[in-house]
Amino acid sequence: MLELHQFEASHYAEKVRLILDYKGLAYTKVEVVPGIGQLELFQKTGQRQVPVLKDEDIYIADSTAIAEYLDRKYPEKPVIPTDPKQKALCMIMEQWADDVLGLDARKGLIACLSQNPNFRTAFLPAITPPPVKSLLSGLPVNLLGNLGAPVGLGADSVRETIKHDLRYLSAILADQAYLLGDQPTLADFAVAGLTMYIKVPMGSYLNLPEGIKGEGVPGVSDSPEFDAFWAWRDKLYADFRDGTATTAVSNSDSQRPTSISID
Ligand SMILES: N[C@@H](CCC(=O)N[C@@H](CS)C(=O)NCC(=O)O)C(=O)O
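Under UniProt numbering, the first residue of the sequence shown is numbered 1, with each subsequent residue one higher.
Encoded structure:
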């Protein structure tokens, strides 16, 4: 069976989970232990990031490379159009989602970590010792301050950037079902996955604490301006995301993360 080496809280892994579910491919999630587990990935793929797909003895790193591999090896329900112009639009949009939207969303997450105790602990690895989690969730907002501000990631400027992104997407989706027309493509799955930190999807798709579902960047996740966008994403999840893949851990439970990693 296919194995997806991942962090449950990784938005690039979420993009791949959406694609695997859309294509109806069975897979096991292998939860990578930050630090030690990433060393294993490095040995297999020459890089340390998730997601990595393992298909028999082949390892593929990077969500875009994984999507391309899946369409080649499992051509049913393709996510990359064959028409050259549609393909070009799809790949450009996907790249924008990966390189712009995903990074803006990550900045949004950092900016609101200080404000939401649930967020502070939800994106820690599952095996983080409970005392560390409760210590972090108990830190008062005024002690943390605006975490991102000193490095130019103040909550207000990040919020405005994310609003720009969602306005562009909402304009495209105003009169069509998907970003390229009437069929879902890699562009849609990239955008849906990489907005995970802006608003965590509701439902049982993600093995994350219930308290953060539906939560996200304040002023964006709860703004009526983006209701249609979130309704679009909810429908994509309802139609295509499965969420029943089982999870294994890449190393023994006795091993502890050597770093706290959300990205
Ligand atoms: N371009 C990569 C980005 C993957 C990425 O940024 N992965 C993050 C998790 S969201 C990661 O593994 N971070 C850990 C690290 O960099 O050590 C993709 O599309 O898969």
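Every residue, glycine too, gets a C-beta built ideally from N, C-alpha and C.
Residues near residue i by beta carbon distance below 6 Å, same chain, minus five either side
| i | result |
| --- | --- |
| residue 184 | 178 |
| residue 26 | 1 |
| residue 97 | 190, 191, 194 |
Between the CA atoms of residue j and residue i - distance to the nearest angstrom
| i | j | result |
| --- | --- | --- |
| residue 145 | residue 24 | At residue 145 the pLDDT is 49, less than 50, meaning the model places this residue with poor confidence; the figure from the coordinates comes in the next sentence. Each residue's Cα considered, the two are about 44 Å apart. |
| residue 71 | residue 108 | 32 Å |
| residue 254 | residue 31 | Model confidence at residue 254 stands at a pLDDT of 41, short of 50, so the residue's coordinates are unreliable; what they give is reported in the following sentence. Taking the straight line from one Cα to the other gives about 14 Å. |
| residue 42 | residue 49 | 8 Å |
| residue 90 | residue 180 | 7 Å |
| residue 205 | residue 226 | 21 Å |
| residue 64 | residue 223 | 31 Å |
| residue 116 | residue 157 | 18 Å |
Close Cβ partners of residue i (< 8 Å) along its chain, the five nearest in sequence each way excluded
| i | result |
| --- | --- |
| residue 87 | 80, 81 |
| residue 77 | 22, 23, 24 |
| residue 202 | 213, 214, 234 |
Whole-angstrom C-beta distance between residue j and residue i, which should lie under 8 Å
| i | j | result |
| --- | --- | --- |
| residue 162 | residue 217 | 6 Å |
| residue 66 | residue 16 | 5 Å |
| residue 244 | residue 29 | So it is not a contact: roughly 11 Å between Cβ atoms. |
| residue 8 | residue 208 | 6 Å |
| residue 169 | residue 229 | 6 Å |
| residue 211 | residue 159 | Residue 211 to residue 159, Cβ: 21 Å. No contact. |
Extent of the continuous beta strand (DSSP E) to which residue i belongs
| i | result |
| --- | --- |
| residue 55 | 52 to 55 |
| residue 248 | 247 to 249 |
| residue 27 | 27 to 31 |
| residue 40 | Here residue 40 belongs to no beta strand (DSSP E); instead the alpha helix (DSSP H) covers 36 to 45. |
| residue 3 | 2 to 6 |
Cβ-heavy atom distance, residue i to ligand 1, below 7 Å
| i | result |
| --- | --- |
| residue 43 | no |
| residue 95 | no |
| residue 11 | yes |
| residue 224 | no |
| residue 7 | yes |
| residue 48 | yes |
Other residues of its chain near residue i: CB distance less than 7 Å, five sequence neighbours each side excluded
| i | result |
| --- | --- |
| residue 45 | 52, 59, 61 |
| residue 221 | 198, 199, 215 |
| residue 11 | 102, 105, 193, 194, 196, 197 |
| residue 188 | 178, 179, 236 |
Enclosing alpha helix (DSSP H) for residue i [first to last residue]
| i | result |
| --- | --- |
| residue 92 | 84 to 96 |
| residue 68 | 63 to 73 |
| residue 14 | 11 to 23 |
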